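> This is the structure, below, for whatever I ask next.
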Amino acid sequence: MSRKTLEGRGRRLPAELTSFIGRQRELAQIRRSFEQGRLVTLMGPAGVGKTRLAVRAAAEMQRTFEDGVYFVDLAALREPALLAATVCDALGLSGQGVDPVDAFVEHVADRSLLLVMDTCDHLVDVCAMLAEVLLQAAPRLRILATSRQPFDIPGEHTLAVAPLARPGTARPADTCDSMLLFADRAAAVTAGWTLTPDNRGAVARLCDRLDGIPLAIELAAVQVRALPVEQILHRLDERILRLRGRRTGSARHRTLHAAVEWSHELCSPAERLLWARLSTFAGDFDLEGAERVCADDLLPQDEVVEVLAGLIGKSIVLRSGRGAEARYRMLDTVREYGAEQLERLDETHLLRTRAMHWFGGQIIAAQPELTTGAQVRWMDWFRREHANIRAVIDHTLRTADDDFMVALTWGLGQFWAIHGLVREARHWSERFLRTRDTSDPKWAGPLAVCSLAAIVQNDLDRARTVLSTAEARARSADDATALAYVRGMYGLIAVYTEDLAAARLLLSASAEAAEADESVHGETSLLSLAIDLFRGLALVLDGDLEEGSRQAAAMVRAAEARGELWCRSYAQIEGALATALGGDVAGALATLHQALRIKWDLDDLMGLATALECIGGCLVALEEPRRAARVLGAAAEARDASGAAMFGPQYAQLCAHYADTCRAALGDETYRREHDAGAALGLEAVVREILGEEGPDRPEPSDTATPPDHPLTARELEIAALVAQGLTNREIAERLVIARRTAESHLEHILAKLGFASRIQVATWFSRHFVEPSPDVPPRPGAHGH
1 MSRKTLEGRG RRLPAELTSF IGRQRELAQI RRSFEQGRLV TLMGPAGVGK TRLAVRAAAE
61 MQRTFEDGVY FVDLAALREP ALLAATVCDA LGLSGQGVDP VDAFVEHVAD RSLLLVMDTC
121 DHLVDVCAML AEVLLQAAPR LRILATSRQP FDIPGEHTLA VAPLARPGTA RPADTCDSML
181 LFADRAAAVT AGWTLTPDNR GAVARLCDRL DGIPLAIELA AVQVRALPVE QILHRLDERI
241 LRLRGRRTGS ARHRTLHAAV EWSHELCSPA ERLLWARLST FAGDFDLEGA ERVCADDLLP
301 QDEVVEVLAG LIGKSIVLRS GRGAEARYRM LDTVREYGAE QLERLDETHL LRTRAMHWFG
361 GQIIAAQPEL TTGAQVRWMD WFRREHANIR AVIDHTLRTA DDDFMVALTW GLGQFWAIHG
421 LVREARHWSE RFLRTRDTSD PKWAGPLAVC SLAAIVQNDL DRARTVLSTA EARARSADDA
481 TALAYVRGMY GLIAVYTEDL AAARLLLSAS AEAAEADESV HGETSLLSLA IDLFRGLALV
541 LDGDLEEGSR QAAAMVRAAE ARGELWCRSY AQIEGALATA LGGDVAGALA TLHQALRIKW
601 DLDDLMGLAT ALECIGGCLV ALEEPRRAAR VLGAAAEARD ASGAAMFGPQ YAQLCAHYAD
661 TCRAALGDET YRREHDAGAA LGLEAVVREI LGEEGPDRPE PSDTATPPDH PLTARELEIA
721 ALVAQGLTNR EIAERLVIAR RTAESHLEHI LAKLGFASRI QVATWFSRHF VEPSPDVPPR
781 PGAHGH
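Numbering (UniProt numbering), first residue to last: 1 to 786.
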């Protein structure tokens, strides 16, 4: 099974690729600030190391926050209206039917977590407003922000991040942080380089000249490949003196600019040109993107890789990953300098247009492959290039012709649907409608696509308005494809308004028209498959189990023939639901296991929630209420995280029936305990248990496993038992009548002694070694081959 999880994506902090030097005083200040308040803003000029400090502080405090640490990089975000959605996406809350702020608040509520908001400078006003709302609504939330200016909201603690300590009389030069940083980075690029009595004085003067600014020091350290430190210092002095005569701004700003400018002057003409052109990318990028966007007669495509390697060698471009997985990026200050050079070359519009055609062209070209075995590859591509695609959409709205815009909207609609990015789809769709003249009949199809986001957000009045316009455009152009999609969207509205009879008629007519059109054009669109899915769901919910099952089976066969997975797994869920309602619960469960595996591998959080809800219902029917309660707890967690409403009132009522039956079998207290335990274990542990697979660091015990030797004290073992029951640190403290901080300290000791990184591992370890299976809990599904 894939190890990637939606709930884990947001928690990962950026990897530290180089040594962390100094900053112990600042790290202690951050910890103290969080003891006094809940918002800490790291302030300082460009290049001073705010992001690096925030990442290290968050890593050191990770165990303090029982519900995790989440990192949100805002550097590439240019749309203030998408800030809340971006924060939600980082937490895995790809919500659809609710406001992103509401989704965040509902998910976080009473959870203990740290949110790192990095690079807030260009969005400081909206960041401040969002932070204030979130902190007021979520009492255990902490926010660590980096910005060049404060948020200026109540309760904010600001910490000025100063440059690294420079040589002086107060400390020996050998222990000065700025010199240690220079020595570390110089040794990294030149094997055997070290501080010596001969170069120590020059290094001290150089670090002093660079004002201890980490980025400036790192750029200078790269030059030891070619120059002795004395020459580096001499050439830097010349540039700083020249800047004093022609630049405004602080001395530190001039120093940093001088360091970046000097790195620029040390580049070859081709490297300077590529540096400027790479600033077009809003996020990181791959080699193919760099070649397609940046190459021309002045910089041939076959030379880009060599020139890029030169920029990597000069620390202008940073690389992560290897081979085909390699990605490249520039630090903000370096990118900003490149953008200045691009403007001087009068190439800004040219390069943005090239990026628009490259990324937009890829989106358009992907459409026929999104229903084939290439689907997963394209999904991964869209995730990686999301920041660049956002920038492309913005440029397209302002500059592209209608034909390109129409084609791009069609393509984006499919990507948004498959990723569940409905909030983002709604944002851009409304901008399309505001900024473009959609009176041309060619806009009929894209208008139907735009209505989908409004429907799933339950803004049905807006959806009907857009669909009315789309229908008029389609009829005037006699566009059968667009009319089919319009009917499908009206059918979806009927599902959401409990009119299943109308939904069946509209969705069937839409699907048949789409199939006829596809037989002519030879292509199957993802949107037409989605309409088929809703048609099948309407059949099942309306009680036509035989026809619903038949259609689901046909969709599965067709998807398997194409190698498509997203629709296939939804069709499997629909078919299993029909099978279970028809009485074959065991058969339904086997199919649901297959669908769950696919949804897991696709990182489809809404699909995971749906599969788990149906699995929980099957376990209820099989009279396994304890397991059912845990699975339903995990399903509720996934549904809450997705922010997506259930598929219409009938489906919601069915899920409520499962929960009520399970509660009646167990009693309120036991049901709540098991349900909460399932939610607390996390999706990874629950999904792996259902599929009979072992998670990381989780050895399979024998059937006669005995409690292992372990290093825990009696009190720590008692706390591990409560963790396994799904209790939070606060609840553990209340149960044992101890301070919450004491409970947190005990948990930190447990994690350290057992070598674990999360409370999920503690819960699993305890449950496997110390808990006797309940009479109504059968062997894990793996024992039956599921």
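Using N, Cα and C, we set each Cβ at its ideal position, and we do this for glycine too.
Computed from a predicted structure; not experimentally measured.
(1) In whole angstroms, what is the alpha-carbon distance linking residue 16 and residue 716?
(2) Please work out which residues of its chain come closer than 6 Å, Cβ to Cβ, to residue 391, disregarding the five sequence neighbours upstream and downstream, and give them in chain order.
(3) Would you say residue 650 reaches chain B, if we count a Cβ-Cβ gap shorter than 9 Å as a contact?
(4) Would a C-beta distance cut-off of 9 Å place residue 633 and residue 677 closer than the cut-off?
(5) Throw me the rounded Cβ distance for the residue 712 and residue 750 pair, which I believe falls under 8 Å.
(6) For residue 158, which three-state DSSP category applies?
(7) Consult DSSP for residue 276 and reduce its assignment to one of helix, strand or coil.
(8) Quick check: residue 517 and residue 552, are their CB atoms within less than 9 Å of each other?
(9) Excluding the 5 residues flanking residue 733 on each side, which residues of the same chain have their C-beta closer than 8 Å to its C-beta?
(10) CB residue 331 to CB residue 276, shorter than 9 Å?
(11) Three-state secondary structure (DSSP) at residue 143?
(12) Please confirm whether residue 685 and residue 763 have their CB atoms less than 9 Å apart.
(13) At the level of alpha carbons, what is the spacing between residue 247 and residue 255?
(14) Which residue comes first and which comes last in the beta strand (DSSP E) that contains residue 41?
(15) Is it true that the segment 23–32 meets the segment 194–206, where meeting means three or more beta-carbon pairs spaced less than 8 Å apart?
(16) Give the DSSP bridge partners of residue 72, in chain order.
(17) Thinking C-alpha only, which one of 406, 617, 167 and 436 is nearest residue 449?
(18) Which residue wins for smallest C-alpha separation from residue 756, given the options 652, 720 and 70?
(19) What is the DSSP secondary structure of residue 318, reduced to helix, strand or coil?
(20) Does the beta-carbon distance from residue 666 to residue 617 come in below 9 Å?
(21) Let me check one thing: in DSSP terms, what residues is residue 327 bridge-paired to?
(22) Since residue 674 is in the alpha helix (DSSP H), which residue starts that stretch and which ends it?
(23) Examine the Cβ distances between the segment 445–464 and the segment 407–416 and report whether three or more of them are shorter than 8 Å.
(24) Could you pull out every residue in the same chain whose Cβ sits closer than 6 Å to the Cβ of residue 395, ignoring the five residues on either side in sequence?
(25) When DSSP labels each residue in this structure, what does residue 647 get in the three-state scheme?
(26) Measuring alpha carbon to alpha carbon, tell me which of 163, 144 and 627 ends up nearest residue 156.
(27) For the segment 505–514 against the segment 528–541, are there 3 or more C-beta pairs whose distance is under 8 Å?
(28) DSSP state of residue 65, grouped into three classes?
(29) With DSSP as the reference, label residue 766 as helix, strand or coil.
(30) DSSP on residue 281, reduced to helix/strand/coil?
(31) Could you check the C-alpha separation between residue 204 and residue 603 for me, to the nearest Å?
(32) Given a cut-off of 9 Å, decide if residue 180 and residue 23 are closer than it, judged by their beta-carbon atoms.
(33) Around the Cβ of residue 107, are there at least 16 other Cβ atoms within 10 angstroms (buried) or fewer (exposed)?
(34) Mark residue 626 as exposed unless 16 or more other C-beta atoms lie within 10 angstroms of its C-beta, in which case mark it buried.
(35) Which ranges would you report for the alpha helix (DSSP H) in the segment 488–549 if only whole runs of at least 4 residues count?
(36) Which residue marks the beginning of the alpha helix (DSSP H) containing residue 267, and which one marks its end?
Taking the structure as given:
(1) 32 Å
(2) 282
(3) Of the protein chains in the structure, only one exists, and it is not chain B.
(4) yes
(5) 6 Å
(6) strand
(7) helix
(8) no
(9) 739, 740, 742 and 743
(10) no
(11) strand
(12) yes
(13) At residue 247, the pLDDT of 48 sits below 50, so the modelled position is not reliable; the number obtained from the coordinates is stated separately. In a straight line, the C-alpha of residue 247 is about 11 Å away from that of residue 255.
(14) 39–43
(15) no
(16) 117
(17) 406
(18) 720
(19) strand
(20) no
(21) 320
(22) 668–681
(23) yes
(24) 352 and 356
(25) coil
(26) 144
(27) yes
(28) coil
(29) helix
(30) coil
(31) 51 Å
(32) no
(33) buried
(34) buried
(35) 500–521 and 526–541
(36) Element bounds for residue 267: n/a, residue is neither H nor E.
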